[in-house]
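Trainee:
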Amino acid sequence: MCKHGYNLRTAILPSGITCIIQAVGIDCSHIILVRFVFLLMLRRSAPSRVSSEPRFVTPTLAKVSKSGRKLSTNNAVSYDYDRDSLLPDYRKPFAKPGDKRTSEGCATSSEHEAFIKQILSRPFKVPLPNYDANNYTRRALGLRRSGVRVPLHDPYEEGSVILFEPPQLACHEKLKCDASKQLVHVVVDPLLAKILRPHQREGVKFMYDCVTGRKIEGSYGCIMADEMGLGKTLQCITLIWTLLRQGPEAKPTIEKAIVVCPSSLVKNWYNEVLKWLNNRVLPLPVDSGSKKEIDEKLQSFMGQQGRRCATPILIISYETFRLHSDILHRHPVGLVICDEGHRLKNCENQTYQALTGLNCQRRVLLSGTPIQNDLLEYFSLVHFVNTGILGTAAVTHGHPSLIFEKCLNQSDGFENCAHFFPPKFQPEKQVYPEWSGKMRILDLLLAVVKSTTNDKVVLVSNYTQTLDLFEQLCLLRRYGYVRLDGTMTIKKRAKIVEQFNDPEVCHCQPFDNTFPSTIQSSTFIFMLSSKAGGCGLNLIGANRLVMFDPDWNPANDGQAMARVWRDGQKKNCFIYRMLTTGSIEEKIFQRQSHKKALSSCVVDNEEDVARHFSVDQLRDLFKLRVDTLSDTHETLKCKRCVNGIESVAPPESADTNSDLSLWHHCRDKKRIPDNAVKAVWGCGLITFCFYQSSHDQCNVD
Numbered sequence: 001m002c003k004h005g006y007n008l009r010t011a012i013l014p015s016g017i018t019c020i021i022q023a024v025g026i027d028c029s030h031i032i033l034v035r036f037v038f039l040l041m042l043r044r045s046a047p048s049r050v051s052s053e054p055r056f057v058t059p060t061l062a063k064v065s066k067s068g069r070k071l072s073t074n075n076a077v078s079y080d081y082d083r084d085s086l087l088p089d090y091r092k093p094f095a096k097p098g099d100k101r102t103s104e105g106c107a108t109s110s111e112h113e114a115f116i117k118q119i120l121s122r123p124f125k126v127p128l129p130n131y132d133a134n135n136y137t138r139r140a141l142g143l144r145r146s147g148v149r150v151p152l153h154d155p156y157e158e159g160s161v162i163l164f165e166p167p168q169l170a171c172h173e174k175l176k177c178d179a180s181k182q183l184v185h186v187v188v189d190p191l192l193a194k195i196l197r198p199h200q201r202e203g204v205k206f207m208y209d210c211v212t213g214r215k216i217e218g219s220y221g222c223i224m225a226d227e228m229g230l231g232k233t234l235q236c237i238t239l240i241w242t243l244l245r246q247g248p249e250a251k252p253t254i255e256k257a258i259v260v261c262p263s264s265l266v267k268n269w270y271n272e273v274l275k276w277l278n279n280r281v282l283p284l285p286v287d288s289g290s291k292k293e294i295d296e297k298l299q300s301f302m303g304q305q306g307r308r309c310a311t312p313i314l315i316i317s318y319e320t321f322r323l324h325s326d327i328l329h330r331h332p333v334g335l336v337i338c339d340e341g342h343r344l345k346n347c348e349n350q351t352y353q354a355l356t357g358l359n360c361q362r363r364v365l366l367s368g369t370p371i372q373n374d375l376l377e378y379f380s381l382v383h384f385v386n387t388g389i390l391g392t393a394a395v396t397h398g399h400p401s402l403i404f405e406k407c408l409n410q411s412d413g414f415e416n417c418a419h420f421f422p423p424k425f426q427p428e429k430q431v432y433p434e435w436s437g438k439m440r441i442l443d444l445l446l447a448v449v450k451s452t453t454n455d456k457v458v459l460v461s462n463y464t465q466t467l468d469l470f471e472q473l474c475l476l477r478r479y480g481y482v483r484l485d486g487t488m489t490i491k492k493r494a495k496i497v498e499q500f501n502d503p504e505v506c507h508c509q510p511f512d513n514t515f516p517s518t519i520q521s522s523t524f525i526f527m528l529s530s531k532a533g534g535c536g537l538n539l540i541g542a543n544r545l546v547m548f549d550p551d552w553n554p555a556n557d558g559q560a561m562a563r564v565w566r567d568g569q570k571k572n573c574f575i576y577r578m579l580t581t582g583s584i585e586e587k588i589f590q591r592q593s594h595k596k597a598l599s600s601c602v603v604d605n606e607e608d609v610a611r612h613f614s615v616d617q618l619r620d621l622f623k624l625r626v627d628t629l630s631d632t633h634e635t636l637k638c639k640r641c642v643n644g645i646e647s648v649a650p651p652e653s654a655d656t657n658s659d660l661s662l663w664h665h666c667r668d669k670k671r672i673p674d675n676a677v678k679a680v681w682g683c684g685l686i687t688f689c690f691y692q693s694s695h696d697q698c699n700v701d
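In this text, residue positions in the sequence shown follow UniProt numbering: the first is 1, and each later residue adds one.
(1) Sort Gly-213, His-112, Thr-581, Val-385 by Cα distance to Thr-253 and report the nearest one.
(2) Quick check on the DSSP output: the alpha helix (DSSP H) that includes Ser-109 runs from which residue to which?
(3) Which same chain residues, not among the five before or five after Pro-283, have their C-beta less than 6 Å away from its C-beta?
(4) Ignore the nearest five residues each way along the sequence and tell me which others in Thr-581's own chain have a CB closer than 6 Å to its CB.
(5) Quick check on DSSP: helix, strand or coil for Leu-537?
(6) What residue ranges within the stretch 539-568 form continuous alpha helix (DSSP H) runs of no fewer than 4 residues, ordered along the chain?
(7) For the structure I just gave you, are there three or more beta carbon pairs, one from the stretch 334-348 and one from the stretch 361-377, closer than 8 Å?
(8) Does the Cβ of Ala-649 have 16 or more other Cβ atoms within 10 Å, making it buried, or fewer, making it exposed?
(9) Roughly how many whole angstroms lie between the Cα atoms of Arg-201 and His-324?
(10) Alpha carbon to alpha carbon, how far is Ser-288 from Gly-231?
(11) Apart from the five residues on each side of it in sequence, which residues of its chain come closer than 6 Å, Cβ to Cβ, to Leu-192?
(12) Classify Tyr-131: buried if its beta carbon has 16 or more other beta carbons within 10 angstroms, exposed otherwise.
(13) Going by the CB atoms, is the gap between Ile-525 and Leu-459 shorter than 8 Å?
(14) Would you call the CB atoms of Leu-355 and Phe-384 closer than 8 Å?
(15) CB Phe-589 to CB Pro-651, shorter than 8 Å?
(16) Which first and last residues belong to the beta strand (DSSP E) in which Ile-316 is found?
(17) Sorted by chain position, which residues of the same chain lie with C-beta nearer than 6 Å to Glu-104's C-beta, five sequence neighbours on each side aside?
(18) Could you tell me the distance, in whole angstroms, from the CA atom of Lys-438 to the CA atom of Gly-684?
(19) Who are the near neighbours of Trp-663 in its chain, counting only those whose CB is closer than 6 Å to its CB and skipping five residues on each side?
(20) Ends of the alpha helix (DSSP H) at Cys-474?
(21) Please return the same chain residues whose Cβ sits closer than 7 Å to the Cβ of Lys-595, not counting the five positions on each side in sequence.
(22) Tell whether a beta-carbon distance below 8 Å holds between Tyr-481 and Glu-471.
(23) Curious, which full-length beta strand (DSSP E) runs of at least 3 residues does the stretch 242-308 contain?
(24) Where does the unbroken alpha helix (DSSP H) through Tyr-352 begin, and where does it stop?
(25) Is it a yes or a no for the stretch 251-265 touching the stretch 215-225, going by three-plus beta-carbon pairs under 8 Å?
(26) By the 10 Å Cβ neighbour count, where 16 or more other Cβ atoms means buried, how is Cys-177 classified, buried or exposed?
(27) Give me the Cβ distance between Thr-523 and Phe-548, rounded to the nearest whole Å; I'm assuming they're in contact under 8 Å.
(28) If you draw a straight line from the C-alpha of Pro-151 to the C-alpha of Ala-250, how long is it?
(29) Over what stretch of residues does the alpha helix (DSSP H) that includes Tyr-208 continue unbroken?
(30) To the nearest angstrom, how far is the alpha carbon of Lys-492 from that of Ser-451?
(31) Straight-line CA distance for Gln-118 to Cys-309?
(32) Per DSSP, which one or two residues make a beta bridge with Tyr-481?
(33) Quick one: is His-112 buried, meaning 16 or more other Cβ sit within 10 Å of its Cβ, or exposed?
(34) Cα-Cα, which of Trp-241, Glu-293, Ile-294 is closest to Arg-280?
(35) Tell me whether Leu-459 sits in a helix, a strand or coil according to DSSP, three-state version.
(36) Comparing alpha-carbon positions, which option in Asn-268, Leu-484, Lys-639 lies nearest Arg-533?
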């Protein structure tokens, strides 16, 4: 019984085959299904003797009430089974006019297949109203909406890094200018801007200005030579992402970029790009694999065009680039970055030639050590990033500075060429005191001490080259000296120190073999390298020490200055520190004072120490000030001075370990307690002096 109240009876098939119709309701779809099923059964199981026209018993449908009682048979519906008559028009099978049916009423299989192909191969019709292929010229995706250009990121957001700022236009100029062609700001993605440190921001700006030609007109390359560990990789990733996404004309500046690095760094670059860009772009690392696989990857990368490349960043090793350079030379590239770029110091090797042949105008070279041996290597690096900016290799090889340097290192063969060299140029090294204010003061100070006292002097420097100059000065003035640096053995050091400290020993001949044996003089000067002998030595034989150049670490200078002021010293000690006014030496000394102040807060438990030097002032290392008597004194903003003259003395408790602001200072020699400094002051080279005493000793700066 179905849901409509009809009972379904069995249909008797030929040869005793019976099919029981089980259906929830009677409708056309079920009848078609049942008819199809038992027709298949008939054709597969009916014997050959059965006639082609089977006899069916028409099923009788009896109406049943909702209570389950059968209604009278007078209301029963009886009809002959006709398949097509039971189907609606939209469910009837397809039939072409004039079809020839087989004896079973079906088309042949070949005709059926042909008819199906005809149905499925109907031509595509464009679903646009009133479409005419001959007159339709509009783009399928529509035209780009015109309007005012806007930057990709907000340039006025707090902490934003602006790489390009369009020129300011007056109101009347803006009215005349086409709004769709105005330049826009180029702003670093906030995702990266919030993690960039101050020096990295400056580095990104520097590289962007260089690769866009704003630094040097017509040149689009640069060398990023930050020290190791300062984040050059992050700066380059920021540059790449900015150029791939935006530009002054509100469109990407480049489409593709190549990063060339050592094979051991390919994976690291890949991870860094994914890490900092948060998987916004998919780089393509290529380092290993068969030649065919690498060629396919490189061809796929170079064949990409358009704004949205699937893999816009290629990371490849130097070796792989050299072996497959023919593929990479076929198409232009927006930017190439060479990590560990000092590998390109030889412009004649194959890797250098392969990279030079790349069709890329913007080139960035990363190296913490761009100059390793000579200036010719530096020329190769500069020539790679900005071709022709230093001229040709032949011109550079013949540069006078390089020739002079060669003559200094090897003077043989240039004896008769003196007239070609600058004035006072000699193949051998000599000292010209007039070239250095500190050397002239040192020369005068040593002469005064030598002629007026019996004191000995210790000269301390951080550089052995400076000790070489001291040595030449001693030879010129015929001073007896000894020299202690890293080349001297431990045994010989102990012997020299012992003899230098012995007041009874008069050295008729210095310990240094280079000193002429004909000079009869006692040892007057002890030259000391702060790295080799700055700690542990006891040089109480001298009571005057000159710190010729400052060290970045104040502890190193403190150790060196303590060589003469030690237990067993019987004379007043004088310590001189020489700083060139307005130069980087004053900046180093100011940093020492700043570090000492921090140390006092932590180690000495001082509650508050004045911060005299701001971070910006300490960072401004390479600015030469020629308009000041003492940059350090001006930076201190001394409150004890009136018109630059000390009017209030420092507290009595102040000593040489006190803050520099608590030292005596002056612009003339009236109050200086050291007669040697007073005598030297008249040369006109001293501009300012800090001095302070501890007990009966005097420490002069």
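Ideal placement from N, C-alpha and C gives every residue a C-beta, glycine not left out.
Mentor: Concretely, from the data shown:
(1) Residue numbering aside, residue 253 sits at position 253 when the sequence shown is read from its first letter. Comparing Cα positions, the closest option is Gly-213.
(2) For the purposes of this step, residue 109 is taken as residue 109 along the sequence shown, with counting starting at 1. Its alpha helix (DSSP H) spans residues 109-120.
(3) For the purposes of this step, residue 283 is taken as residue 283 along the sequence shown, with counting starting at 1. So the qualifying residues of the chain are Tyr-270, Val-273, Ile-313, Ile-315.
(4) On the sequence shown, residue 581 is found 581 positions in, with the first residue counted as 1. Excluding residues within five positions, the ones whose Cβ falls inside 6 Å are Thr-687.
(5) Position 537 of the sequence shown, counting from 1, holds the residue named residue 537. Here Leu-537 sits in coil by DSSP.
(6) Every unbroken stretch of the alpha helix (DSSP H) spanning 4 or more residues and falling wholly within the stretch 539-568 is given here in chain order: 554-561.
(7) yes
(8) Numbered from its first residue, the sequence shown carries residue 649 at position 649. Exposed is the call here.
(9) Against the sequence shown, residue 201 aligns to sequence position 201. Against the sequence shown, residue 324 aligns to sequence position 324. A direct Cα-to-Cα measurement between Arg-201 and His-324 gives close to 35 Å.
(10) Looking up residue 288 in the sequence shown gives position 288. Looking up residue 231 in the sequence shown gives position 231. The straight-line gap from Cα to Cα measures roughly 27 Å.
(11) For this step, residue 192 is matched to residue 192 along the sequence shown. Within the same chain, Leu-192 has close Cβ partners Thr-238.
(12) Residue mapping note: residue 131 aligns to position 131 of the sequence shown, counting from 1. Exposed, since its Cβ has fewer than 16 Cβ neighbours within 10 Å.
(13) Stepping through the sequence shown from its first residue, residue 459 is reached at position 459. Stepping through the sequence shown from its first residue, residue 525 is reached at position 525. The answer is yes: Cβ separation under 8 Å.
(14) Position 355 of the sequence shown, counted from the start, is the residue given in the question as residue 355. Position 384 of the sequence shown, counted from the start, is the residue given in the question as residue 384. Taking 8 Å as the Cβ cut-off, Leu-355 and Phe-384 qualify as a contacting pair.
(15) Residue mapping note: residue 589 aligns to position 589 of the sequence shown, counting from 1. Residue mapping note: residue 651 aligns to position 651 of the sequence shown, counting from 1. No, they are not a contact pair.
(16) Numbered from 1 along the sequence shown, position 316 holds the residue referred to as residue 316. For Ile-316, the uninterrupted beta strand (DSSP E) segment begins and ends at 313-317.
(17) Here residue 104 corresponds to residue number 104 of the sequence shown, with the count starting at 1. Confidence at Glu-104 is low in this model, with a pLDDT of 48, below 50, so its placement is unreliable and the value that follows should be read with caution. Cβ within range, chain order: n/a, list empty.
(18) As a position in the sequence shown, residue 438 is number 438, starting the count at 1. As a position in the sequence shown, residue 684 is number 684, starting the count at 1. Cα-Cα distance, rounded: 12 Å.
(19) By one-based count along the sequence shown, residue 663 stands at place 663. Correct list, in chain order: Phe-690, Gln-692.
(20) Counting from 1 along the sequence shown, the entry for residue 474 is found at position 474. Element bounds for Cys-474: 464-477.
(21) Counting from 1 along the sequence shown, the entry for residue 595 is found at position 595. Excluding sequence neighbours, Lys-595 sits near Pro-554.
(22) Position 481 of the sequence shown, counting from 1, holds the residue named residue 481. Position 471 of the sequence shown, counting from 1, holds the residue named residue 471. The answer is yes: Cβ separation under 8 Å.
(23) Scanning the stretch 242-308 for uninterrupted beta strand (DSSP E) segments of 3 residues or longer gives 257-261, 284-286, listed from N- to C-terminal end.
(24) As a working note, residue 352 is residue 352 in the sequence shown. First-last of the alpha helix (DSSP H) with Tyr-352: 350-356.
(25) no
(26) Mapped onto the sequence shown, residue 177 falls at position 177. So Cys-177 counts as exposed.
(27) Counted from its first residue, the sequence shown places residue 523 at position 523. Counted from its first residue, the sequence shown places residue 548 at position 548. That belief does not hold up - the Cβ atoms of Thr-523 and Phe-548 are roughly 19 Å apart, past 8 Å.
(28) Locating residue 151 in the sequence shown gives position 151, counting from the first residue. Locating residue 250 in the sequence shown gives position 250, counting from the first residue. Approximately 6 Å between the Cα atoms of the pair.
(29) Taking the sequence shown and counting its residues from 1, one reaches residue 208 at position 208. Unbroken alpha helix (DSSP H) run through Tyr-208: 198-211.
(30) Sequence index remark: in the sequence shown, residue 492 carries index 492 (1-based). Sequence index remark: in the sequence shown, residue 451 carries index 451 (1-based). Their Cα atoms are separated by approximately 30 Å.
(31) As a first step, residue 118 must be located in the sequence shown, where it is residue number 118. As a first step, residue 309 must be located in the sequence shown, where it is residue number 309. Cα to Cα, the separation comes out at about 41 Å.
(32) Counting from 1 along the sequence shown, the entry for residue 481 is found at position 481. DSSP output for Tyr-481 lists Ile-525 as bridge partner(s).
(33) Along the sequence shown, read from residue 1 onward, the residue named residue 112 stands at position 112. Within 10 angstroms of the beta-carbon of His-112 lie fewer than 16 other beta-carbons, which makes it exposed.
(34) Within the sequence shown, the letter at position 280 stands for residue 280. When each option's Cα is compared against that of Arg-280, the closest is Trp-241.
(35) Position 459 of the sequence shown holds residue 459. In the structure shown, Leu-459 sits in a strand (DSSP, three-state: E or B).
(36) Position 533 of the sequence shown holds residue 533. Checking the sequence shown, residue 533 turns out to be Gly, not Arg. Of Asn-268, Leu-484, Lys-639, the residue nearest in Cα terms is Leu-484.
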